[in-house]
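What follows is a short report on a single structure.
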Amino acid sequence: MGIVNVTPDSFSDGGVHFDAEAAIRSALAMVEAGADILDVGGESTRPGAESLPIDEELRRVAPVIEAIARRANVPISIDTYKAGVAERALDLGATIINDISALAYDPGLAGVAARRKAPVILMHNRGRSAKMYEFAEYGDVVAD
Numbered sequence: 327m328g329i330v331n332v333t334p335d336s337f338s339d340g341g342v343h344f345d346a347e348a349a350i351r352s353a354l355a356m357v358e359a360g361a362d363i364l365d366v367g368g369e370s371t372r373p374g375a376e377s378l379p380i381d382e383e384l385r386r387v388a389p390v391i392e393a394i395a396r397r398a399n400v401p402i403s404i405d406t407y408k409a410g411v412a413e414r415a416l417d418l419g420a421t422i423i424n425d426i427s428a429l430a431y432d433p434g435l436a437g438v439a440a441r442r443k444a445p446v447i448l449m450h451n452r453g454r455s456a457k458m459y460e461f462a463e464y465g466d467v468v469a470d
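Under this note's numbering, the first residue of the sequence shown carries the number 327, and numbering increases by one thereafter.
Printed below as a string of structure tokens:
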């Protein structure tokens with residue numbers, strides 16, 4: 327899986343994909359190098375990150391998803407917890423929803439996935455990014 331974080335402050339790539347054209351070039355290079363799925367996200371989930379408005383998240387990811395869908399024959403997942411972002415991303419060519427909240431943050435996201443028959447990747451976390459450090463300790467990793 328190739329990760330394309332279209333954010334200025336990604337902890338995994340330092341923001342190198344924040345420019346849409348750079349993100350598209352990098353995504354296509356990942357496919358050439360063997361990535362068989364691409365995950366595109368527009369909101370940083372690094373510890374301390376603030377939530378973005380839907381329109382800003384879409385401004386970041388929409389051109390990238392649309393270009394990848396036209397130019398590469400690989401599944402695209404949208405990394406979001408927002409129903410509105412997921413719906414538009416699926417319209418543009420994404421086929422999978424990758425939700426860091428495991429459908430907990432937006433009650434409409436499960437409905438989008440069901441209606442669109444989109445598989446969902448459910449992630450585990452211990453609270454929203456802005457307060458993630460407050461929940462960083464586990465007493466029992468299985469029970470928690």
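From the three backbone atoms N, C-alpha and C, an ideal C-beta is built for every residue, glycine too. Treat the numbers as computed from the prediction; the structure is a model and nothing was measured.
For residue i, count neighbouring C-beta atoms within 10 Å of its own C-beta (all shown protein chains included) and say buried if the count is 16 or more, exposed if not.
| i | result |
| --- | --- |
| E358 | exposed |
| R396 | exposed |
| G434 | exposed |
| A353 | buried |
| D405 | buried |
| P334 | exposed |
| E383 | buried |
| E369 | buried |
Is DSSP giving residue i helix, strand or coil here?
| i | result |
| --- | --- |
| G367 | strand |
| L448 | strand |
| V332 | coil |
| R396 | helix |
| L378 | coil |
| G437 | helix |
| M356 | helix |
| P373 | coil |
| A361 | coil |
Considering only residues of the same chain and omitting the five flanking positions on each side of residue i, which have a CB-CB separation below 6 Å?
| i | result |
| --- | --- |
| D466 | none |
| M327 | I363 and D365 |
| L378 | E369 |
Whose C-beta lies closer than 7 Å to the C-beta of residue i among residues of the same chain, with five residues either side of it excluded?
| i | result |
| --- | --- |
| E392 | L418 and G419 |
| I426 | T371, Y407, M449 and N451 |
| A436 | L429 |
| A444 | L416, T421, I422 and I423 |
Assuming residue i contacts residue j (C-beta within less than 8 Å), just tell me the rounded distance between them.
| i | j | result |
| --- | --- | --- |
| V390 | A346 | 6 Å |
| D381 | A409 | At roughly 14 Å, the Cβ-Cβ gap does not stay under 8 Å, so D381 and A409 are not in contact. |
| T421 | I447 | T421 to I447, Cβ: 12 Å. No contact. |
| R414 | A388 | 7 Å |
Quick one: what's got a C-beta closer than 8 Å to residue i's C-beta in the same chain, skipping five residues either side?
| i | result |
| --- | --- |
| A398 | A353, L354, V357 and L364 |
| V332 | H343, F344, A346, A349, V366, G367, G368, R386, V387 and V390 |
| G360 | none |
Requested in this report: Taking only runs that begin and end inside the stretch 401 to 434, name each unbroken beta strand (DSSP E) of 3 or more residues, in chain order.
Outcome: 402 to 405 and 422 to 425
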